[in-house]
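Undergrad: Sharing a structure with you now.
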Amino acid sequence: MKINDLIKIIGWELINPFVLKRKRNKIYDFPSTLSGINIGCGIHNPSNWLGVDGGFTHYLIHKIPKGMYKLFFSGQKMVTNYTFDEYYKLSKSIQLVHHELKYGLPFKDNSIPNIYSSHFLEHLFRADAKKLLEQCYRVLARGGTMRICVPSIEYEIDCMQEAIEKYKTKNSDDIQQFITSDTVGFNSVYSDHRYMYDYKRLSEVLNDIGFINLRECKYREGDLPDVAIIDTREGLIIECSK
Ligand SMILES: C[S@@+](CC[C@H](N)C(=O)[O-])C[C@H]1O[C@@H](n2cnc3c(N)ncnc32)[C@H](O)[C@@H]1O
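Have a look at this one:
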């Protein structure tokens, strides 16, 4: 095992959970100048939104010098779409609350004007996701909008069917990604998908919690402020209000 892989494992599996646990009960004031919170923001977050993410790399980027950061993290999976400098600049610029989202949301009731989340909810088990959506309901201000984007299970199934057809013609490359862990680079404890949604499943849970005005939206269209810039990935997108 390479030394920087060992450092990533120690960072993600020992240091990060320890740091997150220590601030588990902390409550943050939401700055009134911002438009809302972006849950599981990763490195995609407009400057007028407050990101909430438990990722070790997003946290560490504010704690250690750039050269040291590059040494440890330049090869990791989430960097693959960017050069290291692009990734570093994006990540460093984000206003971030470093927080384990399975612990709930560290804000007061009715204090958040809007909530956004993209390609995050599927990283939680179904029960944890429901608890987090209940927390979203608790912190969202009346009249506020919540917009959730998740990878569409229907799209994934279509891709699987295509891969199966290719396999029948002796090309097994595409099916590998569904039946093996043939991924590139370092996988953190946050990498896996734990529950996938279609419109029916996601809208049922939102309805049960009490969200109203549910509607399916197109990419970069909807009522959420900054919708034309905050969406960076397509998928199943639902907006709702409280
Ligand atoms: C696939 S990335 C999505 C990033 C970004 N929203 C986007 O659409 O590109 C998922 C993000 O959720 C964060 N995450 C996953 N599980 C988490 C958890 N239990 N608590 C806090 N953050 C978590 C990861 O650190 C990562 O930044």
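Count along the sequence shown from 1, add 58, and you get the number used in this note's numbering.
We put the CB at the ideal spot given by N, CA and C, even for glycine.
None of these values were measured; they are calculated from a predicted model.
#1: Which runs of the alpha helix (DSSP H), 4 residues or longer, sit entirely within the region 115-178?
#2: Look at the alpha carbon of LEU159 and the alpha carbon of PHE165, and state the distance between them as a whole number of angstroms.
#3: If I measure Cβ to Cβ from LEU129 and keep anything under 8 Å in the same chain, skipping five residues before and after, which residues do I get?
#4: Alpha carbon to alpha carbon, how far is LYS124 from SER261? Give it in angstroms, no decimals.
#5: Once DSSP output is grouped into helix, strand and coil, what is the label at TYR255?
#6: Could you check whether the Cβ of GLU71 sits closer than 8 Å to any heavy atom belonging to ligand 1?
#7: Any residues whose CB sits closer than 6 Å to a heavy atom of ligand 1? List them in chain order?
#8: In three-state DSSP terms, what is VAL110?
#9: Here's the rule: buried if 16 or more other CB atoms are within 10 angstroms of the residue's CB, otherwise exposed. What is HIS120?
#10: May I ask you to list the residues that DSSP assigns as paired with THR238?
#11: Contact between the region 141-151 and the region 191-208 is defined here as three or more beta-carbon pairs at a separation below 8 Å; is this criterion met?
#12: Who are the near neighbours of ASN106 in its chain, counting only those whose CB is closer than 6 Å to its CB and skipping five residues on each side?
#13: Using a Cβ cut-off of 9 Å (strictly closer), state whether CYS298 contacts chain C.
#14: Just to confirm before moving on: does the CB-CB distance between ILE173 and GLY202 stay below 9 Å?
#15: Excluding sequence positions up to five away, which residues of its chain have a Cβ less than 8 Å from the Cβ of LEU78?
#16: Could you check where the alpha helix (DSSP H) with ARG196 kicks off and where it finishes?
#17: Using three-state DSSP, classify VAL247 as helix, strand or coil.
TA: Reading it off the structure:
#1: 124-131, 142-151
#2: By one-based count along the sequence shown, residue 159 stands at place 101. By one-based count along the sequence shown, residue 165 stands at place 107. Looking at the two C-alpha atoms, the distance is approximately 12 Å.
#3: Position 71 of the sequence shown, counting from 1, holds the residue named residue 129. For LEU129, where only same-chain residues beyond five positions count, the Cβ hits under 8 Å are ASN62.
#4: Translated into the one-based positions of the sequence shown, residue 261 becomes position 203. Translated into the one-based positions of the sequence shown, residue 124 becomes position 66. SER261 and LYS124: Cα-Cα distance of roughly 42 Å.
#5: As a working note, residue 255 is residue 197 in the sequence shown. Strand.
#6: What you label residue 71 is simply residue 13 of the sequence shown in a count that begins at 1. False, no ligand heavy atom lies under 8 Å from that Cβ.
#7: GLY98, CYS99, GLY100, HIS102, ASP111, GLY112, GLY113, GLU158, LEU159, LYS160, SER176, HIS177, PHE178, HIS181, TYR248, THR290, ARG291
#8: Counting from one through the sequence shown, the residue named residue 110 turns up at place 52. VAL110: strand per DSSP, three-state reduction.
#9: Working through the sequence shown from its first residue, we reach residue 120 at position 62. It counts as exposed.
#10: Along the sequence shown, read from residue 1 onward, the residue named residue 238 stands at position 180. For THR238, which the question treats as bridged, DSSP gives no partner whatsoever.
#11: no
#12: Locating residue 106 in the sequence shown gives position 48, counting from the first residue. Cβ within range, chain order: LEU92, SER93.
#13: Of the chains in the structure shown, none is chain C; there is only one protein chain.
#14: In the sequence shown, residue 173 corresponds to position 115, counting from 1. In the sequence shown, residue 202 corresponds to position 144, counting from 1. Cβ distance < 9 Å, so ILE173 and GLY202 count as in contact.
#15: Mapped onto the sequence shown, residue 78 falls at position 20. GLY112, HIS156, HIS157, GLU158, TYR161, listed in sequence order.
#16: For the purposes of this step, residue 196 is identified with residue 138 of the sequence shown, where counting begins at 1. ARG196 -> alpha helix (DSSP H) spans 184-197.
#17: By 1-based counting over the sequence shown, the position of residue 247 is 189. Correct three-state label for VAL247: coil.
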